[in-house]
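Q: After the structure tokens below, expect a handful of questions from me.
Chains as they are written, first to last, in this note's numbering: chain P, 27 to 134; chain H, 1058 to 1191.
Structure below.
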């Protein structure tokens, strides 16, 4: 069986938008939906869709609350999400450290 | 299984750094709030022990409300800040109550005691503020 780090990449987190969302939440205890939206630079609907996928995977928890009369949704990583992110990050780091194949030489 | 070139992996890591930096930048309010608590304690704990009347209590109340007003609308809580605050608040409360009771019982009117005790009580919030910086 191959030990290449790409086997450790998490298919759910692998999407660029979901990776940004998870990276944002990994640095926080909790973050407001609008903060994540602004940081990741996506629309409400896109973030909502991606958060639903992450929630269904058990990686993200969403809690609704109020600040004054304004409704707010707080997002946080679950323990499973944090563990998956740590493994994904380790795989990315290992792949980034892999020497890039030089196409010209490989064909010789 | 997913596949990824080293270049794309490096780009993904750069995106992660950017997201983490944004969270850290917007989490600095916690350092400011904890520092304010520490400085407020340095002022209000000795004042409460040495001065008579409701002025200190009212000023302390206004101070707490202003810190809460600063904290309440914040949109992100940095990693570990919640736990750091809870631990600091518990230690701070125990020290405040314990040293205030001791001070009123045995050191009433002695400025030296109240000033030193103020530094001790402010300690947990100062340490929490320092740790929240990293």
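Note that beta-carbon positions come from the ideal geometry of N, C-alpha and C, so glycine has one too.
Assuming contact is defined by CB atoms lying nearer than 8 Å, are residue 1107 of chain H and residue 1149 of chain H in contact in what I supplied?
A: No. Outside cutoff.
Q: With a threshold of 8 Å between beta-carbons, can residue 56 of chain P be considered close to chain H, or not?
A: Yes, residue 56 of chain P lies at the interface with chain H (some Cβ there is under 8 Å from its Cβ).
Q: Could you name the residues of the region 1132-1146 of chain H whose beta carbon sits closer than 9 Å to any beta carbon of chain P, in the order they occur along the chain?
A: Here the close residues are 1132, 1133, 1134, 1135, 1136, 1137, 1138, 1139 and 1140.
Q: Return the Cβ separation of residue 1178 of chain H and residue 1152 of chain H in integer angstroms, given the expectation that the two are a contact with Cβ distance under 8 Å.
A: Contact flag correct, Cβ pair sits at about 5 Å.
Q: Identify the residues that DSSP records as bridge partners of residue 90 of chain P: which are they?
A: BP columns for residue 90 of chain P point to P:99.
Q: Against chain P, does residue 1191 of chain H count as a neighbour if the rule is that its beta carbon must be under 8 Å from one of theirs?
A: False, the Cβ-Cβ gap to chain P never drops below 8 Å.
Q: Compare the C-alpha of residue 64 of chain P against each of P:75, P:80 and P:46 and name the closest.
A: Comparing Cα positions, the closest option is P:46.
Q: How many Å lie between residue 1063 of chain H and residue 35 of chain P at the Cα?
A: Going by the C-alpha atoms only, they are around 13 Å apart.
Q: Do residue 1183 of chain H and residue 1088 of chain H have their C-beta atoms closer together than 8 Å?
A: Contact flag unset, no.
Q: Quick one: residues in its chain with C-beta nearer than 7 Å to the C-beta of residue 1095 of chain H, no 5 flanking neighbours on either side, listed in chain order?
A: 1179, 1182, 1183 and 1186.
Q: According to the Cβ coordinates, are residue 53 of chain P and residue 1175 of chain H closer than 8 Å?
A: Contact: no.
Q: Could you list the residues in the region 1071-1088 of chain H with a C-beta less than 9 Å from some C-beta on chain P, going in chain order?
A: The residues in question are 1072, 1073, 1074, 1075, 1076, 1077, 1078, 1079, 1080, 1081, 1083 and 1084.
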